[in-house]
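K.L.:
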Amino acid sequence: MNDNPTISVLGTGRIGKMHAELIVRQVPGLDLHSVYDVYAEGAAAVAADLGVPAMSSVDDILASDVDAVAICSSTDTHVDLAVAAAQAGKAIFLEKPVSLNLAEVDRCVAAVNAAGVQLQMGFNRRFDAAHAAVQKAVADGAVGDVQMVKITSRDPAPPPIEYIKVSGGIFCDMTIHDFDMARFVTGSEVTEVYAKGAVMIDPAIGEAGDVDTAVVMLTHENGVITTIDNSRQAVYGYDQRVEVFGSAGMAVSENPREHTAEVHTADGTRQQNIPYFFLERYIPSYLAEWHAFVEGLSSGTMPLTIEDGRAPLVIGLAAWMSVREGRPVKTSEVSA
């Protein structure tokens, strides 16, 4: 008899489909119960490929004996689905962001805490082996007292303008991962945000109310300063680096390459390119976060909670306030 916990994936777009495939094919200890999407044909195709039912409604899923749900639908549906799942007593895996509206995030936090269900946020980069090794070096004291953190996060190409218009902008869509990473590697909350943004790549991004190039300085409770640089277009690939500098040394996570071969000639040295697409870089981290979710179901403790979903949004909203008002912004100004 199979006693593995079961999970239903809500939302079978690119991310939901990937999660469903990972669960079925590479996550022992967790069984895919079913899938659902408002686009029924898309859900049916994923269900047929993975050999599970495509459910006709979320209500049917929550009324079933499924143990957990993975919320991978559009951001504007996250809170309602999470609240309903919590009230139904289901464990929750929740893709970022919880919401673009802080009041809605707080509604979700209250519902999850009131129900006492387990919830893991989907900040997969914490589970990247290189980034996690940097955090461990800090936690173990290998770099001494941390003084500065540098995070570089650059996409290979901008997303469609129609997506940008509903994304919450670069700080709440893209940099939100880096805000979580800053909290993760330093182990300290952010108290102040100073951000500058520009439109250097596509004027249409600016016309949509966003920026495509940004630098953010974060001040942490423990005094550490984190700097983050973002670009929507790095022509050489998906550039993701983290550096922590401390009194006893430095820890750095660099970009992986397609393979390790180098060609040395009289004209110079050639290396392979870094990954171009985020799934090329981060599939192992998505897999690792699912293993952590399974362990959390068993232990009763998830590695990222709903509060870890709230904090980066507060930082992102503070970053937007900083850009628009041209000043450093305390996170307490947003959180209040």
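For the sequence shown, the positions run 88 to 423 when my numbering is used. For each residue, glycine too, the CB sits at the ideal point set by N, CA and C. As the structure is a computational prediction, the values presented were derived from the model and not from experiment.
Starting from the N-terminal side, write out each stretch of the beta strand (DSSP E) that is 3 residues or longer and does not extend beyond the stretch 348-415.
P.N.:
Runs of the beta strand (DSSP E) inside the stretch 348-415: 349-352 and 355-358.
K.L.:
Under a three-way DSSP split, which group does M88 fall into?
P.N.:
Start at 1 with the first residue of the sequence shown, and residue 88 comes out as number 1. Since pLDDT at M88 reaches only 44, below the 50 mark, its modelled position is unreliable, and the value read off the structure follows with that caveat. Residue state, collapsed to three classes: coil.
K.L.:
Just curious, the alpha helix (DSSP H) that T418 is in, first and last residue?
P.N.:
As a first step, residue 418 is located in the sequence shown; it is residue number 331 there, counting from the start. Unbroken alpha helix (DSSP H) run through T418: T418 to S422.
K.L.:
CB-CB under 6 Å to A406, same chain, minus the five flanking residues each way: which ones, in chain order?
P.N.:
For the purposes of this step, residue 406 is taken as residue 319 along the sequence shown, with counting starting at 1. If we look at A406 and ignore the five residues flanking it on each side, its Cβ neighbours are F258, V280, A282 and V303.
K.L.:
Can you name the start and end residues of the beta strand (DSSP E) that G284 belongs to?
P.N.:
If you number the sequence shown from 1, residue 284 lands on position 197. It spans V277 to A285 - the beta strand (DSSP E) in which G284 sits, taken as one unbroken run.
K.L.:
Rounding to the nearest angstrom, what Cα-Cα distance links L168 and I263 in this structure?
P.N.:
In the sequence shown, counting from the first residue as 1, residue 168 sits at position 81. In the sequence shown, counting from the first residue as 1, residue 263 sits at position 176. Using only the alpha carbons, I get a separation of about 21 Å.
K.L.:
Do three or more CB pairs link the stretch 220-238 to the stretch 320-340 at distances below 8 Å?
P.N.:
Touching, yes, given that three or more Cβ pairs across the two stretches are closer than 8 Å.
K.L.:
Can you have a look at R212 and say buried or exposed, based on whether 16 or more other CB atoms are within 10 angstroms of its CB?
P.N.:
One-based indexing of the sequence shown puts residue 212 at position 125. Looking at its Cβ environment, which holds 16 or more other Cβ atoms inside 10 Å, R212 is buried.
K.L.:
Just to confirm, are A157 and L137 a CB contact at a threshold of 8 Å?
P.N.:
Residue numbering aside, residue 157 sits at position 70 when the sequence shown is read from its first letter. Residue numbering aside, residue 137 sits at position 50 when the sequence shown is read from its first letter. No; because the gap between Cβ atoms is not below 8 Å, this pair is not in contact.
K.L.:
Please name the residue in V421, A398, R397 and P399 whose C-alpha comes closest to that of M408.
P.N.:
Here residue 408 corresponds to residue number 321 of the sequence shown, with the count starting at 1. Looking at the Cα atoms, V421 is the closest of the given residues.
K.L.:
Is the separation between the beta-carbon of G324 and that of P246 shorter than 8 Å?
P.N.:
Counted from its first residue, the sequence shown places residue 324 at position 237. Counted from its first residue, the sequence shown places residue 246 at position 159. Cβ atoms of G324 and P246: not closer than 8 Å.
K.L.:
Under the three-state reduction of DSSP, which class applies to Y468: helix, strand or coil?
P.N.:
Lying before the first or after the last residue shown, residue 468 is absent from the chain, which here runs from 88 to 423.
K.L.:
Over the uninterrupted alpha helix (DSSP H) stretch that includes H218, give me the two end residues.
P.N.:
Along the sequence shown, read from residue 1 onward, the residue named residue 218 stands at position 131. From DSSP, the alpha helix (DSSP H) with H218 extends over A216 to A226.
K.L.:
Chain C beta carbons: is any one of them nearer than 8 Å to that of V170?
P.N.:
In the structure shown, chain C does not exist; there is a single protein chain.
K.L.:
Have a look at the DSSP bridge pairing and note the partners of N317.
P.N.:
The count along the sequence shown starts at 1 and reaches residue 317 at position 230. Answer is S240 and A301, bridged to N317.
K.L.:
At the level of alpha carbons, what is the spacing between V149 and L374?
P.N.:
To locate residue 149, count along the sequence shown from 1; it is residue 62. To locate residue 374, count along the sequence shown from 1; it is residue 287. What sits at residue 149 in the sequence shown is Leu, not Val. When rounded, the distance between both Cα atoms is 25 Å.
K.L.:
Measure the C-alpha to C-alpha separation of S161 and I248 and round it to an integer number of angstroms.
P.N.:
Taking the sequence shown and counting its residues from 1, one reaches residue 161 at position 74. Taking the sequence shown and counting its residues from 1, one reaches residue 248 at position 161. Straight-line Cα distance between these residues: approximately 16 Å.
K.L.:
Could you give the residue range of the alpha helix (DSSP H) that holds I248?
P.N.:
Taking the sequence shown and counting its residues from 1, the one referred to as residue 248 is at position 161. Where I248 is concerned, the enclosing alpha helix (DSSP H) stretches over I248 to V253.
K.L.:
Skipping 5 residues on each side, what residues in its chain have a beta carbon closer than 6 Å to that of L404?
P.N.:
As a working mapping, residue 404 is identified with position 317 in the sequence shown. Cβ neighbours of L404 beyond the five flanking positions: V421.
K.L.:
Report the CB separation of A226 from G274 in whole angstroms; it is logged as a contact under 8 Å.
P.N.:
Reading the sequence shown from its first residue, position 139 is the one you call residue 226. Reading the sequence shown from its first residue, position 187 is the one you call residue 274. That pair is a contact at about 7 Å.
K.L.:
What number of angstroms, rounded off, separates the C-alpha of A201 from the C-alpha of V192?
P.N.:
Here residue 201 refers to the residue found at position 114 when the sequence shown is read from its first residue. Here residue 192 refers to the residue found at position 105 when the sequence shown is read from its first residue. So the alpha carbons of these two residues sit roughly 14 Å apart.
K.L.:
Take D354 and list the residues in its own chain whose beta-carbon comes closer than 8 Å to its own, dropping the five residues that flank it on each side.
P.N.:
Within the sequence shown, residue 354 is the residue found at index 267, counting from 1. Correct list: empty, nothing qualifies.
K.L.:
Among all the DSSP beta bridges, which residues are the ones paired with E330?
P.N.:
Stepping through the sequence shown from its first residue, residue 330 is reached at position 243. DSSP output for E330 lists K237 and V339 as bridge partner(s).
K.L.:
Can you say whether V196 is buried or exposed, counting buried as having 16 or more other CB atoms within 10 angstroms of its CB?
P.N.:
As a first step, residue 196 must be located in the sequence shown, where it is residue number 109. By the 10 Å Cβ count, V196 comes out buried.
K.L.:
Buried or exposed for N360, going by 16 or more other Cβ atoms inside 10 Å?
P.N.:
Along the sequence shown, read from residue 1 onward, the residue named residue 360 stands at position 273. N360 is exposed by the Cβ-count criterion.
K.L.:
What are the boundary residues of the alpha helix (DSSP H) that L109 is part of?
P.N.:
Here residue 109 is taken as the residue at index 22 of the sequence shown, counted from 1. First-last of the alpha helix (DSSP H) with L109: R101 to Q113.
K.L.:
Of all the alpha helix (DSSP H) runs that stay within the bounds of the stretch 129-164, which reach a length of 4 or more residues?
P.N.:
Those alpha helix (DSSP H) runs which fall completely within the stretch 129-164 and span 4+ residues are 145-149.
K.L.:
Would you report the Cα separation of T314 and H307, rounded to the nearest angstrom?
P.N.:
For the purposes of this step, residue 314 is taken as the residue at position 227 of the sequence shown. For the purposes of this step, residue 307 is taken as the residue at position 220 of the sequence shown. Each residue's alpha carbon lies about 11 Å from the other.
K.L.:
Rounding to the nearest angstrom, what Cα-Cα distance links V199 and L206 in this structure?
P.N.:
Residue 199 sits at position 112 when you count from the first residue of the sequence shown. Residue 206 sits at position 119 when you count from the first residue of the sequence shown. Distance between the alpha carbons of V199 and L206: 8 Å.
K.L.:
Please state whether DSSP places L117 in a helix, a strand or coil.
P.N.:
Along the sequence shown, one-based indexing puts residue 117 at 30. The answer is coil: DSSP assigns L117 none of H, G, I, E or B.
K.L.:
Along the chain, where does the alpha helix (DSSP H) that runs through L189 open and close?
P.N.:
Taking the sequence shown and counting its residues from 1, one reaches residue 189 at position 102. Looking at the DSSP string, the run of the alpha helix (DSSP H) that includes L189 is L189 to A202.
K.L.:
Report the three-state DSSP secondary structure of E182 (helix, strand or coil).
P.N.:
The residue you call residue 182 lines up with position 95 of the sequence shown. Note: E182 maps to strand in three-state DSSP.
K.L.:
Hey, quick one: how far does the alpha helix (DSSP H) through I263 stretch, first residue to last?
P.N.:
For the purposes of this step, residue 263 is identified with residue 176 of the sequence shown, where counting begins at 1. That run of the alpha helix (DSSP H) goes T262 to T273.
K.L.:
If you run the structure through DSSP and keep just helix, strand and coil, what is I257?
P.N.:
Indexing the sequence shown from 1 puts residue 257 at position 170. DSSP places I257 in helix when its eight states are reduced to three.
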